[in-house]
Every structure is written in C-alpha cells, then in structure tokens.
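Trainee:
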C-alpha cells in the first residue's frame, strides 16, 4: 500500500479502519502509533496507479 512506511517508534502502526476511507477514490488509509499516538494517513489513488502500470506495459 503506497510508498509510506507504516512504522513509527520502531513498531508497526495500527490500522484505523474507522478513520480510513476505502469506499471511493482516492482511498485513504489511516494508521496510529501504538507507542506515541502519532497518526499517519496514506493516499492511494488507484486511477493514477492503473495509468502508470498501463504506460509501462506499452
């Protein structure tokens, strides 16, 4: 999922499904550090990813 790391304070961050938006585009995935409480959101725009994959295969 995306290029961002989902680690903070040396630990894997918890995925927050209630704060994430997976039902449309762009998709937003939200994570929270279990140690310090910092939140991080990842944006995943499937249209851009699909276009990039298609351009590489031509």
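Residue numbers (my numbering): 673 to 730. Just so you know, even glycine gets a beta-carbon here, dropped at the ideal spot from N, CA and C. As the structure is a computational prediction, the values presented were derived from the model and not from experiment.
Between 681, 687 and 683, which lies nearest to residue 713 when the distance is taken from Cα to Cα?
Mentor: Minimum Cα distance to residue 713 is reached at 687.
Trainee: Would you tell me roughly how many angstroms separate the C-alpha atoms of residue 681 and residue 703, rounded to the nearest one?
Mentor: In a straight line, the C-alpha of residue 681 is about 13 Å away from that of residue 703.
Trainee: In whole angstroms, what is the alpha-carbon distance linking residue 693 and residue 709?
Mentor: Computed Cα separation, rounded: 20 Å.
Trainee: Cutting at 6 Å between CB atoms, please list the residues of its own chain near residue 705, excluding the five before and the five after it.
Mentor: Here the set comprises 680, 681 and 685.
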